[in-house]
């Protein structure tokens with residue numbers, strides 16, 4: 015299928031659906047963009063990527079306005095998830111050289127380096143707004159925090175930040191990658207020394223698929239390190255290709271065909287796979303997997319731009335039923351991941 019004739023129109027619908035959702039009675043809070051948290055961070059980054067490729071200044075204007083509004087509010091608590099918007103902010107600094115932007119980014123980067131709670135072996139503990147998650151590593155941390163750390167290091171020529179970001183990727187691979195399948199477990203606890211429910215959760219996996227292609231691009235890695243990261247991606251995508259549903263989507267528990275199909279993870283997979291093929295990390299034949307996934311995601315976008323089939327925010331589960339029971343509803347990160355996919359699809363035009 016050729017996505018190119020209507021992909022810009024689709025992208026506009028997806029992001030406009032998110033931008034026009036205002037804070038209200040709480041019924042649509044999962045779609046609200048006016049909050050400093052990880053779902054909004056994912057959406058902002060997709061907007062910035064779209065702007066960089068298309069030159070559409072509307073996206074940049076919205077991002078600048080969003081940050082000005084947030085700066086006028088009370089500073090959010092610092093944790094893994096609230097770092098996510100900083101990935102876009104450090105890109106803005108590269109664009110403008112604004113000293114205030116650099117000061118804010120530096121404050122957050124230094125907090126990650128010096129004050130963020132650590133697990134054994136110096137891992138970034140997945141502390142959130144609601145839970146300290148003592149001694150836990152989660153897939154999500156790579157996208158929400160480590161990408162920012164890498165980009166900050168690159169933008170400021172700070173080797174210590176770059177090396178810390180690399181170390182975090184390697185440590186998360188060490189404890190979350192499943193060599194038997196090539197997939198990723200949702201989390202690891204150093205306390206009980208296990209993977210909780212042994213969940214091969216789709217969206218957790220997509221944070222690596224989408225995140226590692228950004229990481230490689232940000233740092234321009236080569237040699238043995240690049241080879242290790244790319245080989246880890248290849249193993250994951252090989253298994254994803256085997257597990258892909260006829261619809262193009264993946265199940266929320268990747269190895270459980272009785273769990274529901276989930277759109278946001280599928281968008282993240284499609285983005286990561288297509289970009290990895292374009293950059294030469296994956297063999298060209300995997301483009302068919304990515305395009306099939308893109309078709310599946312586009313089919314889940316309503317006429318008003320709402321991305322359907324998205325699982326709600328998912329904490330660590332102690333059993334697999336925890337993942338099967340997560341409700342499905344439109345969310346800001348669902349819109350953001352679908353829009354991120356659009357940033358790759360518009361390249362076909």
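Residue numbers (my numbering): 15 to 363. Virtual Cβ for every residue (Gly too), placed ideally from N, Cα, C. Values in this document were obtained by computation on a predicted structure and should not be read as measured data.
query: Using C-beta distances below 6 Å, list every residue in its chain close to residue 52, excluding the 5 sequence neighbours before and after it, in chain order.; result: 95, 98 and 158
query: In the DSSP assignment, find the unbroken alpha helix (DSSP H) run with residue 3 in it and report its ends.; result: In the structure displayed, the chain extends from 15 to 363; residue 3 sits before or after that span and is not available.
query: State yes or no: is the C-beta of residue 217 within less than 9 Å of the C-beta of residue 282?; result: yes
query: Output the residue ranges of the alpha helix (DSSP H) runs that lie fully inside the segment 186-254 and measure 4 residues or longer, sorted by chain position.; result: 216-233
query: Spell out the partners DSSP gives residue 132 in its beta bridges.; result: 138
query: DSSP three-state label for residue 321, please.; result: strand
query: With a cut-off of 8 Å on the beta carbons, I'd call residue 221 and residue 156 a contact; round off their distance for me.; result: 6 Å
query: Would you check if the distance between the CB atom of residue 255 and the CB atom of residue 303 is smaller than 9 Å?; result: yes
query: On a Cα-Cα basis, can you pick out the residue from 90, 22, 100 and 49 that is closest to residue 59?; result: 100
query: Inspect the beta-carbon positions of residue 348 and residue 278 and report whether they are closer than 9 Å.; result: yes
query: Out of 23, 81, 287 and 174, point me to the one whose CA is closest to residue 54's CA.; result: 81
query: Let me make sure I understand the geometry here. Which of 70, 286, 313 and 312 has the alpha-carbon closest to that of residue 300?; result: 286
query: Can you round the beta-carbon distance between residue 323 and residue 314 to whole angstroms, since I take them to be within the 8 Å contact cut?; result: 5 Å
query: I'd like to confirm something about residue 341: is its beta-carbon nearer than 8 Å to some heavy atom of the ligand MG, or not?; result: The ligand MG is absent from the structure shown, which contains no ligands of any kind.
query: To the nearest angstrom, report how far apart residue 176 and residue 317 are at their CA atoms.; result: 42 Å
query: Round the Cβ separation of residue 63 and residue 357 to the nearest angstrom and send it over; I've been treating them as touching at under 8 Å.; result: 4 Å
query: Can you give me the Cβ contacts of residue 31 inside the same chain, cut-off strictly under 7 Å, excluding the 5 residues immediately before and after it?; result: 318, 319, 320 and 349
query: First and last residue of the beta strand (DSSP E) that includes residue 150?; result: 150-152
query: Among the residues of its own chain, which have a CB less than 8 Å from the CB of residue 132, if the five just before and after it don't count?; result: 138 and 139
query: What does DSSP give as the partner residues of residue 267 in its beta bridges?; result: 215
query: Using DSSP bridges, identify the partner residues of residue 33.; result: Paired residue(s): none; residue 33 is not in a bridge.
query: Give the DSSP bridge partners of residue 342, in chain order.; result: 325
query: Quick one, which of 141, 225 and 92 has its alpha-carbon nearest residue 119's?; result: 92
query: Does residue 355 come out as helix, strand or coil in the three-state DSSP assignment?; result: helix
query: Is it right to say residue 110 is buried, meaning 16 or more other beta carbons lie within 10 angstroms of its own, or is it exposed?; result: exposed
query: Residue 248: which of 258, 214 and 290 sits nearest, CA to CA?; result: 290
query: Three-state secondary structure (DSSP) at residue 87?; result: coil
query: Identify, in the order they occur along the chain, each residue of the same chain with its Cβ nearer than 7 Å to the Cβ of residue 168, setting aside the five sequence neighbours on each side.; result: 176, 232 and 233
query: Sort 24, 105, 47 and 265 by Cα distance to residue 228 and report the nearest one.; result: 105
query: Hey, could you find the ends of the alpha helix (DSSP H) residue 107 is sitting in?; result: 99-110
query: I'd like the span of the alpha helix (DSSP H) that includes residue 160, first residue to last.; result: No alpha helix (DSSP H) contains residue 160, which DSSP labels as neither H nor E.
query: Taking DSSP's pairing of strands, which residues face residue 276 in a bridge?; result: 264
query: In or out: residue 113 buried (at least 16 other Cβ within 10 Å) or exposed?; result: exposed
query: Between which two residues does the alpha helix (DSSP H) carrying residue 396 extend?; result: The requested residue 396 does not occur in the structure, where the chain is confined to residues 15 to 363.
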